[in-house]
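Each position in the sequence shown, counted from 1, maps to that position plus 195 in this note's numbering.
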Amino acid sequence: MYPELLAPAGSFACAEAAFAHGADAVYAGIGKFNLRAHSPNFEIDEFGELLKLAAVSGKRVYGALNIMPSDDMMASIEDTLRQSVDARSVPAAFIISDPGVLSLIKEICPSVPIHLSTQSGCFNSAAMKFWREQGVSRVILPRELCIDQIRRLSRLRDVKTEVFVHGAMCVSISGRCLLGVYYGGRHPNLGDCPQPCRIRYRVTPIDTDDNRRVNGCQHNGFDVEETGAGVYLLNSKDLCAVEIIPGLIESGVSSLKIEGRNKTAHYVASTVRVYRDAIDTYTASPSDYKMKDWWREELDAIDHRPYTTGFYDGDPIKQEIFSSKAKAGYRLVGTVKAVIDGRPVVDVKNVFSVESAPISVLPVKSAMPFDLTFDAILELDGAQTQRARPNRLVLLDGCDENLRVGDMLRVRYV
Ligand code: SF4
Numbered sequence: 196m197y198p199e200l201l202a203p204a205g206s207f208a209c210a211e212a213a214f215a216h217g218a219d220a221v222y223a224g225i226g227k228f229n230l231r232a233h234s235p236n237f238e239i240d241e242f243g244e245l246l247k248l249a250a251v252s253g254k255r256v257y258g259a260l261n262i263m264p265s266d267d268m269m270a271s272i273e274d275t276l277r278q279s280v281d282a283r284s285v286p287a288a289f290i291i292s293d294p295g296v297l298s299l300i301k302e303i304c305p306s307v308p309i310h311l312s313t314q315s316g317c318f319n320s321a322a323m324k325f326w327r328e329q330g331v332s333r334v335i336l337p338r339e340l341c342i343d344q345i346r347r348l349s350r351l352r353d354v355k356t357e358v359f360v361h362g363a364m365c366v367s368i369s370g371r372c373l374l375g376v377y378y379g380g381r382h383p384n385l386g387d388c389p390q391p392c393r394i395r396y397r398v399t400p401i402d403t404d405d406n407r408r409v410n411g412c413q414h415n416g417f418d419v420e421e422t423g424a425g426v427y428l429l430n431s432k433d434l435c436a437v438e439i440i441p442g443l444i445e446s447g448v449s450s451l452k453i454e455g456r457n458k459t460a461h462y463v464a465s466t467v468r469v470y471r472d473a474i475d476t477y478t479a480s481p482s483d484y485k486m487k488d489w490w491r492e493e494l495d496a497i498d499h500r501p502y503t504t505g506f507y508d509g510d511p512i513k514q515e516i517f518s519s520k521a522k523a524g525y526r527l528v529g530t531v532k533a534v535i536d537g538r539p540v541v542d543v544k545n546v547f548s549v550e551s552a553p554i555s556v557l558p559v560k561s562a563m564p565f566d567l568t569f570d571a572i573l574e575l576d577g578a579q580t581q582r583a584r585p586n587r588l589v590l591l592d593g594c595d596e597n598l599r600v601g602d603m604l605r606v607r608y609v
């Protein structure tokens, strides 16, 4: 049994992209009680529409209710759960962090499976057993475990495991951090981290002896590297586990998860396309698994910090925090919404012209991206236009490749 590929859905567009490009399931925030306060999230009626979208293609949706709420939020969370049940907008599972929210779910919708968020920090088998006894059916393991530890925890019966394979990491243990509170009065465990760990700091030399005595502890300070981009003291690299997918699958996990509910539909499509092909490649012939050039090219072309395999190979130093942000290699210019008489109808997001060709296509059906050229851009009435403008539909005439609904068109940054 191979693991599911689980993708973030901060919006309908992201969910559509995830399903079209090969995700088995998505996770999405219900209302504001989840750890992405600044992604659009889904109100209860919208969540119902998302469930319908998933059902059409036989996919699953998990609902994130994983903040760590204070007492005054609990009544609203209870309301949200009761309204979800009344509206029949109940996900395939709830993702929770807080035992109080778990109790509410068991009381209000006891048949819905419960997944424990990575935020709860379940690091050992005794904790796994504890959560299983509380009714948790899947534990999303901390990113701070190595593959051997993941394997041991995944062997326990009756509770499944999920791990992250791609996306941002905290320099703290999955949001157990108050930097955002000190920096801007915003709380990571309420989904509102302003990420002060990502910004540039200036190191000012002060008295060295004092510097080495902090609250009675002796330490030797950090070696920091100043690059042309400045000094990044706490900014973790991004997780990218595509090269170690075999080890993660063989560890027995049930779900491989991509981080990023604040990301764009293009980011979701691109990461899902790569990890779908990686899982399928392993499934077809485990012993022949090796990195494909286009996986690395595709992942290098999306918005990201420098990549790392993080803690998975047992070396915490690998998290490598002193990093700046890598530039994205592509700009999404449009998505194919229909094909009429062989001409793709493109929903334009950013300006492009015939001179923009070749345009890179992230396809929904075949695995690899390919280049596209075309002769002309047409308005829907057939008139030729020099430039495709945002928020309009245009036709592409004389394409040298057949496109399908859902294919994404990108231009490379120079
Ligand atoms: S400030 Fe950085 S380390 Fe702290 S919770 Fe936010 S993202 Fe994580």
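The C-beta atom is built at its ideal place from N, Cα and C for all residues, glycine as well.
Where residue i sits in the DSSP three-state scheme
{"i": "T459", "result": "coil"}
{"i": "L590", "result": "strand"}
{"i": "T422", "result": "strand"}
{"i": "V409", "result": "The predicted model places V409 with a pLDDT of 49, which falls under 50 and marks its position as unreliable; any figure quoted below should be read in that light. Strand, per DSSP."}
{"i": "Q314", "result": "helix"}
{"i": "E244", "result": "helix"}
{"i": "V285", "result": "coil"}
{"i": "E328", "result": "helix"}
{"i": "Y477", "result": "helix"}
{"i": "E238", "result": "coil"}
{"i": "A321", "result": "helix"}
{"i": "G529", "result": "strand"}
{"i": "L373", "result": "coil"}
{"i": "P337", "result": "coil"}
{"i": "L385", "result": "helix"}
{"i": "Y257", "result": "strand"}
{"i": "Y470", "result": "helix"}
{"i": "R395", "result": "coil"}
{"i": "A249", "result": "helix"}
{"i": "D595", "result": "coil"}
Any non-hydrogen atom of the ligand SF4 closer than 8 Å to residue i Cβ
{"i": "S315", "result": "no"}
{"i": "P383", "result": "yes"}
{"i": "K391", "result": "For clarity, residue 391 is Pro in the given sequence; the question names Lys instead. Indeed, a heavy atom of the ligand SF4 lies less than 8 Å from the Cβ."}
{"i": "G375", "result": "yes"}
{"i": "G370", "result": "yes"}
{"i": "S298", "result": "no"}
{"i": "V366", "result": "yes"}
{"i": "C388", "result": "yes"}
{"i": "F363", "result": "Reading off the sequence, residue 363 comes out as Ala, not Phe. Result yes, Cβ under 8 Å from the ligand SF4."}
Reference residue i; option with closest CA among the options
{"i": "L598", "options": "R605, V556 and T580", "result": "V556"}
{"i": "S315", "options": "R468, P294 and T568", "result": "P294"}
{"i": "W393", "options": "L428, V448 and I345", "result": "The sequence shown places Arg at residue 393, rather than the Trp named in the question. Answer by Cα proximity: L428."}
{"i": "P391", "options": "T422, N430 and L260", "result": "N430"}
{"i": "S292", "options": "F569, D240, N457 and S265", "result": "S265"}
{"i": "E550", "options": "T313, P539, Q581 and A322", "result": "Q581"}
{"i": "V221", "options": "S298, G379, D592 and K254", "result": "K254"}
{"i": "R456", "options": "Y197, A523 and C209", "result": "C209"}
{"i": "L200", "options": "C341, V354 and V256", "result": "V256"}
{"i": "T612", "options": "R277, S206 and I440", "result": "No answer is possible for residue 612: it lies beyond the span of the chain, which begins at 196 and ends at 609."}
Residue range of the unbroken beta strand (DSSP E) whose run includes residue i
{"i": "A303", "result": "A small fix is needed here, since residue 303 is Ile in this sequence, not Ala. Looking at the DSSP string, I303 is not in any beta strand (DSSP E); the run it does join, the alpha helix (DSSP H), is P294 to I303."}
{"i": "C435", "result": "D433 to C435"}
{"i": "Q360", "result": "It is worth fixing the name first, because residue 360 is Val in this sequence and not Gln. V360 -> beta strand (DSSP E) spans K355 to G362."}
{"i": "V543", "result": "R538 to V543"}
{"i": "P553", "result": "Careful: P553 lies outside any beta strand (DSSP E) and carries neither H nor E."}
{"i": "D603", "result": "Note that residue 603 corresponds to Met in the displayed sequence, not to Asp. Run containing M603: M603 to R607, per the beta strand (DSSP E) assignment."}
{"i": "D566", "result": "F565 to L567"}
{"i": "A523", "result": "First-last for A523: undefined, no H or E at that position."}
{"i": "L573", "result": "A571 to L573"}
{"i": "E199", "result": "E199 to P203"}
{"i": "A220", "result": "A220 to G224"}
{"i": "S450", "result": "S450 to I453"}
Residue i: first and last residue of the uninterrupted alpha helix (DSSP H) it sits in
{"i": "V280", "result": "D266 to D281"}
{"i": "D343", "result": "I342 to S349"}
{"i": "P441", "result": "I440 to E445"}
{"i": "E211", "result": "F207 to H216"}
Check: residue i C-beta below 8 Å from any heavy atom of the ligand GDP
{"i": "L429", "result": "Here the bound small molecules are the ligand SF4; the ligand GDP is not part of this structure."}
Please give me, in chain order, every unbroken run of the alpha helix (DSSP H) with length at least 4 that falls completely inside the stretch 480-506.
Runs found: 488-496.
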